[in-house]
Amino acid sequence: MLKTAHGTETQDQILSITPKTQEQVDILKNVSTQYETALWQPVSPHYIKEETQVHLFVPANSSETVKDLLQRHAITHEVLLANPNELIEMQTRNDSTDPRSSSTYYERYHSLEDIYFWINRTQQDNPDKVKAILIGSSYEKRPLYVLKLSVNNRPNKKAMWIDCGIHAREWISPAFCLWFVHYSLSFYKSNQDITNILDNMDVYVLPVLNPDGYHYTWTTNRMWRKNRSISRNTKCIGVDLNRNFDANWCTEGASDEPCTEIYCGAFPESESETQAVANFLRIHKDIIQIYLSIHSYSQMLLFPYSCTLEEAENHSELFEMVQEAAQKIKRHYRNSYRYGSGAKTIYLAPGGSDDWAYNLGIKYSFTFELQDRGRYGFLLPPSHISRACNEALLAVKTIALKVNEKTKAPTTPAQTI
Ligand code: ARG
Ligand code: ZN
1 MLKTAHGTET
11 QDQILSITPK
21 TQEQVDILKN
31 VSTQYETALW
41 QPVSPHYIKE
51 ETQVHLFVPA
61 NSSETVKDLL
71 QRHAITHEVL
81 LANPNELIEM
91 QTRNDSTDPR
101 SSSTYYERYH
111 SLEDIYFWIN
121 RTQQDNPDKV
131 KAILIGSSYE
141 KRPLYVLKLS
151 VNNRPNKKAM
161 WIDCGIHARE
171 WISPAFCLWF
181 VHYSLSFYKS
191 NQDITNILDN
201 MDVYVLPVLN
211 PDGYHYTWTT
221 NRMWRKNRSI
231 SRNTKCIGVD
241 LNRNFDANWC
251 TEGASDEPCT
261 EIYCGAFPES
271 ESETQAVANF
281 LRIHKDIIQI
291 YLSIHSYSQM
301 LLFPYSCTLE
311 EAENHSELFE
321 MVQEAAQKIK
331 RHYRNSYRYG
341 SGAKTIYLAP
351 GGSDDWAYNL
361 GIKYSFTFEL
371 QDRGRYGFLL
381 PPSHISRACN
391 EALLAVKTIA
401 LKVNEKTKAP
411 TTPAQTI
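The sequence shown begins at 1 in full-length UniProt numbering and counts up by one.
Structural data, given as structure tokens:
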């Protein structure tokens, strides 16, 4: 907590600001680039526009300057979160030994070290169903493990890929990957949907695609998004891994400026995390039918394209799938998810993993943005993990079952004589 000149106490805050005029838009763009703030929404100052909410993390030491500036230009703001530090503290507290805590392992956030430990234990405890595969390493040389869930050796079995944690600060995302694996192992044979899915396809789960960034959010800066690679000729660190894939790479919606949050990197697949995933998918592209990437926040079910406004060849098929998923979430959990192609639903964002996987031939390719819609943003409290994950799980099941149905080999008709 800092004391300002006027003696009032200030601390870090998240502000919600809706600019009403072009002048206010320009001021906000300035504030989010000139001051030590972190833009939560939209992802880049470029997208700030009139009548659209901006979510801005303002650290204590910039608080007074920023608020003065807003006031001077008659820009009203609302404090979205007055005590993010308390929330951050709550989410990183190691309460696994706290007897008062009733939450399970899967209803808490876990450090990278914990997640590596969990990967190991999950494979050891389920030798017949789980195998950890090393697919590469991160910039800082951390291993990238994919868990392969496979309950039988049916010939010509297809597969689904799920990755989490491509953006470091989206903590609900790795939490979902852990949730999904745990759910699959716990309810195989007792829940009909997951049984049906696992009987018919293997699932590859990458719990943390960006381990260096994730680690950094636990130790140093909770708001970090990119990876941690260092490039020549700049002090700024990190590439946005979801702009680094080879899909209309670094066109509108990405930036070649290393200091931005949407820096596309030096060239497509310049990052070792991107390379590891792209290589694995290239090798397995004929068996992987579904590609799924988990992000937060804003509650959206997206599909290609994000790198162009053009429609994907099976646009209506994909649209129907996410529509059904969103309707089920609405019915079961009374929560709304927007859905559609990425470029039309949020913004142009080239170089994304979903578009790249789609162009590789994985025709059922999706990006989910999980809870919430901005109340807590990236700081979704642990008590919300189970709801957020169950909603996403329902969407995954809906899509996987639909793909199963669509691609089932036609049963050979009984022989007639
Ligand atoms: N919020 C995500 C991002 O900015 C959206 C991802 C949608 N898909 C995409 N290829 N951009 O990266
Ligand atoms: Zn993201």
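Cβ coordinates follow ideal geometry from the N, Cα and C atoms, glycine included.
Between the alpha carbons of residue i and residue j, how many angstroms are there, rounded?
i, j, result
"L198", "C264", "36 Å"
"W171", "P382", "10 Å"
"Y183", "E269", "33 Å"
"R282", "L360", "7 Å"
"P143", "H73", "49 Å"
"A400", "K157", "14 Å"
"Q123", "I329", "31 Å"
"L134", "E51", "46 Å"
"A276", "D125", "26 Å"
"P59", "S150", "46 Å"
"V25", "Q53", "11 Å"
"S336", "G213", "30 Å"
"E237", "P127", "Reading the sequence as shown, one finds Ile at residue 237 and not Glu. Roughly 39 Å between the two C-alpha positions."
"A343", "A325", "20 Å"
"A357", "K148", "19 Å"
"N221", "L302", "28 Å"
"H284", "T234", "36 Å"
"I119", "R334", "33 Å"
"I194", "N152", "14 Å"
"S296", "A38", "16 Å"
"L379", "P84", "8 Å"
For residue i, verify whether its CB is less than 7 Å away from any heavy atom of the ligand ARG.
i, result
"V43", "yes"
"H315", "no"
"H295", "yes"
"I48", "no"
"N242", "yes"
"I399", "no"
"G342", "yes"
"T274", "no"
"G265", "no"
"I290", "no"
"N302", "Per the sequence presented here, residue 302 reads as Leu, with Asn not at that position. Under cutoff, so the answer is yes."
"A312", "no"
Since residue i and residue j are thought to touch, with beta carbons under 8 Å apart, how far apart are those beta carbons, to the nearest angstrom?
i, j, result
"G340", "Q41", "Not a contact, Cβ separation roughly 18 Å."
"P19", "I88", "Contact doesn't hold; Cβ gap of about 27 Å is too wide."
"L348", "E252", "5 Å"
"N227", "E273", "6 Å"
"A168", "R232", "That pair is no contact at about 22 Å."
"A278", "F245", "7 Å"
"V205", "C177", "5 Å"
"E369", "Q323", "That belief does not hold up - the Cβ atoms of E369 and Q323 are roughly 16 Å apart, past 8 Å."
"S316", "N242", "In fact, because the Cβ distance is near 25 Å, the residues do not count as touching under 8 Å."
Flag residue i as yes when its Cβ comes closer than 7 Å to any non-hydrogen atom of the ligand ZN, and as no otherwise.
i, result
"residue 419", "What the structure shows of the chain is the stretch from 1 to 417, and residue 419 is not part of that stretch, so it cannot be assessed."
"N61", "no"
"E170", "yes"
"H167", "yes"
"N85", "no"
"N227", "no"
With DSSP as the reference, identify every bridge partner of residue i, one or two as the case may be.
i, result
"K285", "DSSP lists no partner for K285."
"A326", "Looking at the DSSP assignment, A326 forms no beta bridge with any residue, so it has no partner."
"I230", "I237"
"S341", "F303"
"A270", "Note on identity: in this sequence residue 270 is Ser, with Ala being the wrong assignment. S270 pairs with nothing; no bridge assigned."
"Y145", "L134"
"W40", "According to DSSP, which records beta bridges pairwise, W40 is partnered with nothing at all."
"A254", "E252"
"F57", "I14 and A38"
"W161", "Y204 and Y291"
"F366", "L292"
"L81", "I14"
"Y263", "S255"
Counting only the same chain and skipping the five closest in sequence on each side, list residues whose C-beta sits under 8 Å from that of residue i.
i, result
"residue 466", "No information on residue 466 is available, as it lies outside the stretch 1 to 417 that the chain covers here."
"T92", "Y109, S111 and W218"
"Y216", "A168, W224 and R228"
"N248", "C307, T308, P350, G351 and D355"
Considering only residues of the same chain and omitting the five flanking positions on each side of residue i, which have a CB-CB separation below 7 Å?
i, result
"H55", "I14, S16, W40, Q41, L80, G374 and G377"
"residue 423", "This structure does not reach residue 423, given that the chain is present from 1 up to 417, and the question cannot be answered."
"E140", "D212 and R228"
Got a sec? Which residues, its chain only, sit under 6 Å from residue i by beta carbon, not counting five neighbours each side?
i, result
"W179", "Y106 and C389"
"residue 500", "This structure cannot speak to residue 500, because the chain is shown only from 1 to 417."
"M321", "I399 and K402"
"P211", "L112, S138 and R142"
"L292", "I162 and F366"
"I385", "E107 and A175"
"Q192", "none"
"N200", "N404"
"residue 494", "As displayed, the chain neither begins before 1 nor continues past 417, which places residue 494 out of reach and without an answer."
"N30", "none"
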